[in-house]
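For reference, the structure is listed below as structure tokens.
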Amino acid sequence: MHEKKTGTYSVYGVMDDYFIIKEKVPFDVGRKLHQMDMDETRKVASIGRAVSERLFGKGTDPVGQWINVNGIMMRVVSVYYDDNNQGRDSERIYIPRTTFKKMFNHGHHVGGIWWRPLPGEDTFAINEKII
Numbered sequence: 046m047h048e049k050k051t052g053t054y055s056v057y058g059v060m061d062d063y064f065i066i067k068e069k070v071p072f073d074v075g076r077k078l079h080q081m082d083m084d085e086t087r088k089v090a091s092i093g094r095a096v097s098e099r100l101f102g103k104g105t106d107p108v109g110q111w112i113n114v115n116g117i118m119m120r121v122v123s124v125y126y127d128d129n130n131q132g133r134d135s136e137r138i139y140i141p142r143t144t145f146k147k148m149f150n151h152g153h154h155v156g157g158i159w160w161r162p163l164p165g166e167d168t169f170a171i172n173e174k175i176i
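FYI, the numbering for the sequence shown is 46 to 176, going by our numbering.
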């Protein structure tokens with residue numbers, strides 16, 4: 046929520062290297078989440094373009110503005126556009142994993158793992174080892 050504009054979006058707690066793995070996700074404005082955000086359990090958010098347009102309006106730079114995420118005020122540090130799922134992955138809010146754990150009391154629960162093989166690695170063989 047920002048001012049009186051609201052929306053329902055998925056919130057994900059990610060490590061600082063999440064956007065290294067998803068290197069092709071472009072950022073319209075701002076910066077990626079980084080290690081200091083994790084270490085200091087900062088209340089910062091990287092929001093998708095769809096979230097930004099709904100809460101702030103098209104063509105507006107929301108970096109530095111505040112949004113209400115489940116009753117917690119979070120400062121927007123970036124806007125990204127992820128074209129996965131026909132752009133619906135831009136309907137997400139990413140916050141530091143440490144902040145997510147504290148906000149939602151998730152302890153050591155891990156909801157998903159993202160990985161990317163090194164160039165030349167056999168993706169199918171690695172996948173078999175993981176599963």
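For every residue, glycine included, the Cβ atom is placed at its ideal position computed from N, Cα and C. Remember, predicted model here, so these are calculated numbers, not experimental data.
Notebook entry, point to check: Residue ranges of each beta strand (DSSP E) run of no fewer than 3 residues wholly in the region 79–141, ordered along the chain?
Noted result: Here the runs fully enclosed are 89–93, 111–114, 117–125 and 137–141.
Next item on the list: State the DSSP-derived secondary structure class of residue 77, mapped to helix, strand or coil.
Entry: Coil.
Next item on the list: Output yes or no for whether 8 Å exceeds the beta carbon distance between residue 141 and residue 87.
Entry: yes
Item checked: Coil, strand or helix - residue 54 by DSSP -> Residue state, collapsed to three classes: coil.
Notebook entry, point to check: If you drop the 5 nearest sequence neighbours on each side, which residues of the same chain put their C-beta closer than 7 Å to that of residue 123?
Noted result: 72, 74, 75, 76, 77, 91 and 108
Item checked: Other residues of its chain near residue 50: CB distance less than 6 Å, five sequence neighbours each side excluded -> 100
Margin query: Please classify residue 167 as buried or exposed, where buried requires at least 16 neighbouring CB atoms within 10 angstroms.
Written below: exposed
Notebook entry, point to check: What residues in its chain sit with their C-beta under 6 Å from that of residue 171, if we drop five residues either side in the sequence?
Noted result: Residues of the same chain with a CB within less than 6 Å of the CB of residue 171, apart from the 5 flanking positions on each side, are 162 in chain order.
Note to self: At the level of alpha carbons, what is the spacing between residue 66 and residue 94?
What the structure shows: 19 Å
Check: For residue 145, which residues from the same chain have a beta carbon less than 6 Å from its beta carbon, with the 5 sequence-adjacent residues on both sides left out?
Finding: 58
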